[in-house]
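Data first, discussion second: the structure below is written as structure tokens.
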Amino acid sequence: MTTSHREVEGSKQKIRRRATSKGLSFGPIATAITVGTVAVLLGVTFIGDWLRTPKIAAEASPSIISPNGDQAQDSTNFSYTLNEDAEVTIQVFDQNNRLVHTLVRNEFQTRGRHVAVWDGR
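For the sequence shown, the numbering used here assigns the number 589 to the initial residue and increments by one for each residue that follows.
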């Protein structure tokens, strides 16, 4: 919608027009959303690199062990594949979620397949 205003200055008429629209103006809101989106994307880019966890495919074989010295299922192999170089920690927990043993602590490993052996002790 366009509205006109007439002002009389002496003998001359001056017409001033102003364009308006019905409804809300989204200019400042759109700008704020755009700035917010850029801030979020920058946060995801930089903080995401710091918090990123590599993808890991892992398995234990055998999954249940009985480390009693009879040479049957006394140890297990933890096989895992890293999709990128990473700092690795491998910990074994019991059924009550208590730490039993740390096999690897903060060790830098290259991407690829790795094996850690645990003898149950």
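Ideal Cβ positions, reconstructed from N, Cα and C, are used throughout, including at glycine.
A Cβ-Cβ distance of about 12 angstroms is found for the pair I678 and V688, leaving them out of contact under the 8 angstroms criterion. With a threshold of 16 other beta carbon atoms within 10 Å, T664 meets it and is buried. Going by beta carbons, F681 and W706 fall outside the 8 angstroms limit. For T698, no beta strand (DSSP E) segment is defined, and its DSSP state is neither H nor E. Closest in alpha carbon position to N671, among R699, R709 and G708, is R699. In the three-state reduction of the DSSP assignment, A660 falls in the coil class, being assigned neither a helical nor a strand state.
Nearest in C-alpha terms to A646, of all of G708, R709 and V703, is V703.
Bounds of the beta strand (DSSP E) holding E675 are A674 to F681. If you check the CB distance, Q697 and A660 do not come in under 8 angstroms. Here V688 is not bridged, per DSSP, to any residue.
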